[in-house]
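Engineer: Have a look at this one.
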Amino acid sequence: LIVPDIPPEEDQEGYPAACRARGIHPVHVISPNSDDGRLETIRRVSSGLLYSTSRTGTTGKDVAIEFGSLGGFLDRARKVCALPLAVGFSISRREQVEALRGHAEIAVVGSHLIRVYEKHGLSALEREVRNLMGSKA
20 LIVPDIPPEE DQEGYPAACR ARGIHPVHVI SPNSDDGRLE TIRRVSSGLL YSTSRTGTTG
80 KDVAIEFGSL GGFLDRARKV CALPLAVGFS ISRREQVEAL RGHAEIAVVG SHLIRVYEKH
140 GLSALEREVR NLMGSKA
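Here's what the structure looks like:
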């Protein structure tokens with residue numbers, strides 16, 4: 020469960036305990052401007068995985084991603100917290116997914132896939148998922 024409006028530095032009003040009591044992982048968001056202190060705080064209250072933004076800003080926009088610095092940040096985040104990393108925000112092309120290999124376990128392409136479905140339908144969505152994964156089928 021991702022609730023980005025609950026900062027990990029605050030008491031969280033029972034959020035982590037309520038999640039765990041129901042078998043749900045409280046997932047927190049990190050970004051390339053998160054320092055090691057914040058990563059450590061997030062590590063203490065997170066489970067399941069960490070969701071990292073590929074850049075600062077809002078999701079759903081086609082904005083260039085600096086994969087060199089992002090890869091360095093993801094590698095640094097992994098040293099602080101051993102949880103799997105999911106990366107989203109502006110991920111919409113196969114080469115972007117490929118650039119995340121070795122740095123993250125999950126590429127989040129939600130906004131892109133919603134746009135493909137809305138514009139072209141289910142069969143185009145299926146083709147796009149295969150394309151993003153590198154499948155020929």
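Numbering (the numbering used here), first residue to last: 20 to 156.
Just so you know, even glycine gets a beta-carbon here, dropped at the ideal spot from N, CA and C.
#1: Per DSSP, what are the beta-bridge partners of I159 in this structure?
#2: Within the chosen definition, does the stretch 99-106 reach the stretch 59-71 through at least 3 CB pairs nearer than 8 Å?
#3: Assign V148 to one of two classes, buried (16 or more other C-beta atoms within 10 Å of its C-beta) or exposed (fewer than that).
#4: Taking the CB atoms as reference points, tell me whether S73 and L58 lie closer together than 8 Å.
#5: Note the first and the last residue of the continuous alpha helix (DSSP H) segment covering S71.
#6: So, with DSSP's three-state summary, where would you put I133?
#7: Using a threshold of 8 Å, state whether the C-beta atoms of Y70 and V48 are closer than that.
#8: Below 8 Å on the Cβ atoms is my guess for R113 versus G153; work out the distance and round it to an integer in Å.
#9: How many Å lie between V127 and K138 at the Cα?
#10: Are H122 and L93 closer than 8 Å when you measure CB to CB?
Structural biologist: A quick look at the data gives this:
#1: In the structure as shown, the chain begins at 20 and stops at 156. Residue 159 is therefore absent and cannot be evaluated.
#2: The answer is yes - the stretch 59-71 touches the stretch 99-106, with three or more Cβ pairs under 8 Å.
#3: Here residue 148 is taken as the residue at index 129 of the sequence shown, counted from 1. Burial state of V148 is exposed, judged by a 10 Å Cβ sphere holding fewer than 16 other Cβ atoms.
#4: Along the sequence shown, one-based indexing puts residue 73 at 54. Along the sequence shown, one-based indexing puts residue 58 at 39. Result no, Cβ atoms of S73 and L58 do not sit closer than 8 Å.
#5: Within the sequence shown, the letter at position 52 stands for residue 71. Unbroken run through S71 is the beta strand (DSSP E), L69 to T72; no alpha helix (DSSP H).
#6: To locate residue 133, count along the sequence shown from 1; it is residue 114. Of the three classes helix, strand and coil, the one that applies to I133 here is helix, per DSSP.
#7: What you label residue 70 is simply residue 51 of the sequence shown in a count that begins at 1. What you label residue 48 is simply residue 29 of the sequence shown in a count that begins at 1. Yes, these two residues count as a Cβ contact at 8 Å.
#8: For the purposes of this step, residue 113 is taken as residue 94 along the sequence shown, with counting starting at 1. For the purposes of this step, residue 153 is taken as residue 134 along the sequence shown, with counting starting at 1. Contact holds; Cβ gap of about 7 Å.
#9: Within the sequence shown, the letter at position 108 stands for residue 127. Within the sequence shown, the letter at position 119 stands for residue 138. Rounded to whole angstroms, V127 and K138 show a C-alpha spacing of 19 Å.
#10: If you number the sequence shown from 1, residue 122 lands on position 103. If you number the sequence shown from 1, residue 93 lands on position 74. Cβ distance < 8 Å, so H122 and L93 count as in contact.
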